[in-house]
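Take 114 as the starting number for the sequence shown in our numbering and just add one per residue.
We put the beta carbon where it would ideally sit given N, CA and C, even for glycine.
For clarity, every value in this text was computed on a predicted model and none was experimentally measured.
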Amino acid sequence: MLNSNAFNYVDVLDKAADASWTRESLITNNIANVDTVGYKRKDIDFESVLREQLGQGDYDSLDDKINNVNLSKLNAKVFTDYENYSYRLDDNNVDIDNEQVELASEQLKYQTLTQSLTNEFNRMKDVLI
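So, in structure tokens, the structure goes:
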């Protein structure tokens, strides 16, 4: 069987797109609960997990780092943000303006990730043609 690292970028991009989609859903849920008494915002942190996996070799090229990423450890977890102080009397810590900015940013990130996935598959298709 042929052993290849051809899909390593695709696998990492896929994990990043999944995390971005999850974060977008969490932010939308936060916005929906802006008036729920005592609600604490939820979020996900994929960037630090990816940074930890890529930071294993300081002087390696990005290709080498991607090839050495352990995909089983590339899973971000959803967390409840108890640290974000609530200025409201109802103890809800959702800031609607901040959530809307984060949502717009996450939508752009997701579009970029899916476009990068499309580009990777197009490169593979070009090689096969």
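Using CA atoms only, rank isn't needed, just tell me which of N121, A132, R154 is closest to S199.
With distances taken between CA atoms, S199 lies nearest to R154 out of N121, A132, R154.
Smallest Cα separation from F192: which of D131, L126, L184, T135?
For F192, the nearest C-alpha among the options comes from T135.
I209 versus Q166 - alpha carbon distance
Roughly 33 angstroms separates the two Cα atoms.
Could you tell me whether the Cβ atoms of L230 and A130 are closer together than 8 angstroms?
Cβ distance < 8 angstroms, so L230 and A130 count as in contact.
What residues are listed by DSSP as bridge partners for I140?
Partner(s): none; I140 has no beta bridge.
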